[in-house]
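Just so we're aligned, residue 270 is where the sequence shown starts under the numbering used here, counting upward by one.
In this text, a Cβ means the ideal position worked out from N, Cα and C, and glycines have one as well.
These numbers were taken from a predicted model, which means no experiment stands behind them.
Shown next, in structure tokens, is the structure this report addresses.
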Amino acid sequence: MRYFKHQQGATLIEIMVSILVMAIGLLGLASLQINAMKFQKTASQRSEATQAAYDLGERMRSNWVISSVPPANLAADKIANATKYTYREEYTVSSAATHTPPNNCRTLTCDTNQIAANDLQEWLRSLQRRLIGGTGIIVPVAGGAEATFDVTVMWKEPSFSDVDANCPAVANAPAGVRCFNLRFSI
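Printed below as a string of structure tokens:
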């Protein structure tokens, strides 16, 4: 009679295959983690841009409320007050760094023009602090009885190398710059 000896333990080939499968799984997991971190950074920047755009809209609305008590011609007053916030500058990485510190309208008595200039300077400096290469433009939308504006927040995104189709032509934004647009009415 013949006795067959059954294998006991694992062979070297089986161990090598299991190490290879484990290595591929760990590399996939590392790639997933890297992509998650990249997308989280992009989402964070977009969230900051959204908050900044809404912040400016609320500043414009509050300045209009201050200036229009009592409103003589509501529509004309809105448009006249809102045009104080118009800001058109081509995108440059250092554009926000050139803005002067705002007036101290929290302790001084400021008129609506000074408040608008103060709000604009604070907003642009805030974009520089919150976003990489952050700056923005504010363009009034022509026509209509309402004071309507397009606010564009721009920032440099290192992982982005194309020209963003959301950037308006007036910004002349180069490749690698992301734009977030918000249209609002006062």
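The three-state reading of DSSP puts Val286 in helix, counting H, G and I together. Fully contained in the segment 371–422 are the following beta strand (DSSP E) runs of length 3 or more, in chain order: 404–409. Exclusion of the five residues before and after Arg315 leaves Arg447 and Phe449 as the residues of its chain whose Cβ lies within less than 8 Å of its Cβ. With fewer than 16 other CB atoms across the displayed protein chains lying within 10 angstroms of its CB, Phe308 is exposed. The three-state reading of DSSP puts Arg452 in strand, counting E and B together.
In the assembly as shown, Tyr354 is a buried residue. Its beta-carbon has 16 or more other beta-carbons within 10 Å. Annotation: Leu389 to Arg357 spans about 12 Å, alpha carbon to alpha carbon. In the displayed model, Val446 falls within a strand according to three-state DSSP. The residues Ile406, Val408, Asp419, Thr421, Cys448 and Asn450, in chain order, have a CB closer than 8 Å to that of Pro437 in the same chain once the five nearest residues on each side in sequence are set aside.
One Cα belongs to Thr404, the other to Ile293, and the distance between them is close to 43 Å.
DSSP, reduced to helix, strand and coil, places Tyr356 within a strand of the structure shown. Beta-bridge pairing by DSSP links Lys425 to Val446.
Note on Gln397: 16 or more other CB atoms within 10 angstroms of its CB, so buried under the neighbour-count rule.
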